[in-house]
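Down below is the structure, laid out as C-alpha cells.
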RNA sequence: CAUGGUUUGAACCG
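In my numbering, the protein residues as written are 15 to 326.
What follows is the structure, encoded as C-alpha cells:
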C-alpha cells in the first residue's frame, strides 16, 4: 500500500496520470493486489489538478479492474466535489455510496455538511442532520462547525450563527474553531461589529482566541482601512503569548502593501522570523505590482526559484 | 542518497 501510494503521488506531482493507470493495470495483469485505499490518493490528486470529471471516473475504472470502492474512496470523491462546488454531483455520489451499503461516517457527514453550507442549502443540511440522528449517528461540534463554516463562506453568517443553538441543545459548546469560522464569516460580510461581539463573547466564556482568530480580525481591520486598530490587535495578540505565523505575516504584508508601505512590510516580515511561502511571494509581488514597481516584483519572482519555491 | 505516511471543521496572495 505504501509503495503504491508513493508511486501514485510521484506520478501525480508530474501530472502523469496516464502513468498511474499504466502502473495499476500492470500490477493487475501481474496478479498483484492493489489496495483500494490507494485510489483515495488518486482521487484527491485529480482534485488538486482540477480534473473533477476524471476523479469521478475513478469509481468506474475501479470497477473495470474488479475492485470495489471503499468508504474512503467515496469520502475522497465527495471532498473533491465539495471543494469544487459540485454539490449536485456530491449528492449523487452520496446516494450511490448509501446504495453500495456504506453508512455515512464522521468524514462523510463533515464533508457533506460543509458542502451544503457552502452552497447555502440550509434545509438540506437540516435534513441530513435529522437523518444522521435517526440512524443513531449524533452530530458533534465538528459536524456543526463544518456546516457553519460552509454557510459563512456562502456569505450567510447569520444562518451559521443560528446553528449555535442547535449545537448547544445537542450538548456541544462552540470551540475556538467554531468562533473563528463565525468571526471570519461576519468579517467577510463586512460586519466587523458582530465579529468583535463574538470575539469578546469567546473570551468571556474562557475560549482562548488563537492565531487563526487574531489573523482573521487583523485582516478584516486592514481591509476596512483601520490599520491602526490592526496594529493594536497584533500587539494584543503578542501580549497574550500567541505568536504570529506565516499567514499572519502575509496578512500584515498585504495590509501594509495596500498602504504602500512595502519597506515596512519587509522589515516586519524579517522581524517575525517567518519562512516565506509561495503565498508570501505572491503577496509581495502583488504589492509591488500595485505600486508599479515591476523591477522589485521581478526580483522576487526570480528569487522564488533560488528559494526552491517556484511560482504557481 | 531519494520517496512516501489514504479521506473530514476556522484565517492570507493568486
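Beta carbons are placed, not taken as given, at the ideal position from N, Cα and C, and that holds for glycine. As the structure is a computational prediction, the values presented were derived from the model and not from experiment.
Here the C-alpha atom of residue 267 lies approximately 7 Å from the C-alpha atom of residue 297. Straight-line spacing of the CA atoms in residue 236 and residue 263 works out to 13 Å. When C-alpha distances from residue 154 are compared across 132, 183, 164 and 130, the shortest belongs to 183. Taking the CA atoms as reference points, residue 161 sits about 42 Å from residue 308.
Between residue 228 and residue 201, the alpha-carbon positions lie close to 12 Å from each other. Taking all protein chains in view, the Cβ of residue 55 is crowded by 16 or more other Cβ atoms within 10 Å, so the residue is classified as buried.
Note on geometry: alpha-carbon atoms of residue 240 and residue 277 lie some 19 Å from one another. Residue state for residue 202 is assigned as helix, using DSSP reduced to three classes. Every unbroken stretch of the alpha helix (DSSP H) spanning 4 or more residues and falling wholly within the segment 193-258 is given here in chain order: 206-218, 225-237 and 241-253.
With three or more CB-CB distances shorter than 8 Å, the segment 112-128 counts as touching the segment 161-178. Taking each of 259, 284, 118 and 238 in turn and checking the Cα distance to residue 269, the smallest one comes out for 238. Going by beta carbons, residue 122 and residue 159 fall outside the 7 Å limit. In this structure, DSSP gives residue 179 a helical state, which the three-state scheme calls helix. Straight-line measurement puts the Cα of residue 146 at about 24 Å from the Cα of residue 170. DSSP places residue 171 in the helix class (H, G or I) of the three-state scheme. Of the residues assessed, residue 59 falls on the buried side of the cut-off, its CB having 16 or more other CB atoms within 10 angstroms. Around the beta-carbon of residue 317, fewer than 16 other beta-carbon atoms lie within 10 Å, marking it exposed.
The Cβ-Cβ distance between residue 57 and residue 112 does not fall below 7 Å.
In this structure, residue 124 lies away from residue 149, with their beta-carbon atoms at least 7 Å apart. Bounds of any alpha helix (DSSP H) do not take in residue 50, whose DSSP letter is neither H nor E.
Under the three-state reduction of DSSP output, residue 29 falls in the coil class, being neither helix nor strand. Closest in C-alpha terms to residue 117, from the list 84, 141, 136 and 95, comes 84. Between residue 132 and residue 99 the beta-carbon gap is near 7 Å, inside 8 Å, which marks them as a contact. As the crow flies, the alpha-carbon of residue 35 is around 12 Å from that of residue 52.
Taking the Cβ atoms as the reference, residue 87 lies roughly 6 Å from residue 50, within the contact range of under 8 Å.
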